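Some notes on the structure that comes next.
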């Protein structure tokens with residue numbers, strides 16, 4: 003993540019739930035679909051394992067794809083390939099033979115609006131692979147943005163409905179600075195929050211045994227988001243949205259949509275420099 007006057011850059015790691023993987027996001031066998039790994043520990047040996055190094059997704063499956071909807075003026079897809087692949091950005095398709103360097107695709111100078119991009123692997127042999135590690139987003143900003151982090155324990159700002167329990171794990175959000183998080187396995191349990199700002203991110207845990215959730219932002223529903231992973235991802239980016247009106251108050255609600263685990267660790271609002279944390283307020287459901 004980087005902040006600069008007149009622009010806003012944000013990196014979405016491959017483990018984020020904002021990506022739509024097809025045929026699935028985390029399985030076994032490169033020819034079957036996407037498989038998650040880490041640069042040091044490589045591939046999984048047991049469910050719930052913590053990865054060592056930087057995460058990536060890799061596949062040898064023909065037409066395995068990753069899709070993303072994002073707001074901004076530019077995008078870079080990071081990864082490597084020794085096979086053909088294609089990128090479709092807002093309906094415009096480009097085909098690449100291979101890309102051994104860390105950048106699979108970059109496009110800048112887009113309108114500062116919402117865009118759709120899909121990366122599709124096109125290997126012709128089982129030993130050909132495409133790996134993906136992150137998407138770097140750029141958008142225009144009238145002023146620099148400041149992150150205001152709201153801890154999950156701040157119940158004066160975050161309203162919890164349903165059965166939630168405070169949990170601790172030495173890995174969450176990281177082993178250097180572990181801190182408590184809220185967890186639920188109650189179907190329909192929710193956490194809601196009112197705020198003003200340009201962008202918002204929600205972080206929590208992805209793990210084996212976690213499942214689906216939904217996010218509602220200003221009445222817009224983002225459903226079937228997935229917190230399931232064979233690995234534990236202790237500081238997972240569960241939701242991100244840029245391009246919000248800083249002169250309006252926004253309402254965000256996260257809802258557990260299964261009778262399985264869901265965990266929330268923090269919400270961060272990115273505000274222009276003349277905004278303050280006082281612009282975050284206790285949440286009530288909009289009428």
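Residue numbers (our numbering): 3 to 289. Backbone N, C-alpha and C fix where the C-beta goes; we use that ideal spot for every residue, glycine too. Bear in mind that the values here come from a model prediction, so they are computed numbers and not experimental data.
Here residue 150 is bridged, per DSSP, to 271. The Cβ atoms of residue 140 and residue 186 lie no closer than 7 angstroms to each other.
Per DSSP, residue 17 lies in no beta strand (DSSP E) and is assigned neither H nor E. Taking one beta carbon from each stretch, the region 91-111 and the region 172-181 have fewer than 3 pairs nearer than 8 angstroms; the two do not touch. Residue pairing of residue 222 in beta bridges, as defined by DSSP: 219. Per DSSP, residue 28 lies in no beta strand (DSSP E) and is assigned neither H nor E. Using a C-beta cut-off of 8 angstroms, the region 61-74 makes no contact with the region 257-274, since fewer than three inter-stretch Cβ pairs fall below that distance.
Sequence-distant partners of residue 248 (beyond 5 residues in either direction) whose C-beta falls short of 8 angstroms from its own C-beta, in its chain, are 198, 199, 200, 273, 274, 277. The region 121-137 and the region 72-88 touch, with three or more beta-carbon pairs separated by less than 8 angstroms. Inter-residue distance for residue 88 and residue 56 is about 24 angstroms (C-alpha atoms, whole angstroms).
Taken through DSSP and simplified to helix, strand or coil, residue 160 comes out as coil.
Taking C-beta separations shorter than 8 angstroms and ignoring five residues to either side along the sequence, the partners of residue 252 in its chain run 196, 197, 198, 199, 202, 219, 220, 246, following chain order. Each of 15, 48, 255 was checked against the Cα of residue 222, and the nearest Cα belongs to 255.
Less than 7 angstroms separates the beta-carbon of residue 71 from that of residue 118. Per the DSSP secondary-structure output, residue 255 pairs in a beta bridge with 194, 218. Beyond the five residues adjoining it in sequence on each side, residue 138 comes within less than 6 angstroms, by CB distance, of 13, 78 in the same chain, given in chain order.
Boundaries of the beta strand (DSSP E) harbouring residue 234: 233-243, taken from the DSSP string. Residue 265 is bridged by DSSP to 185.
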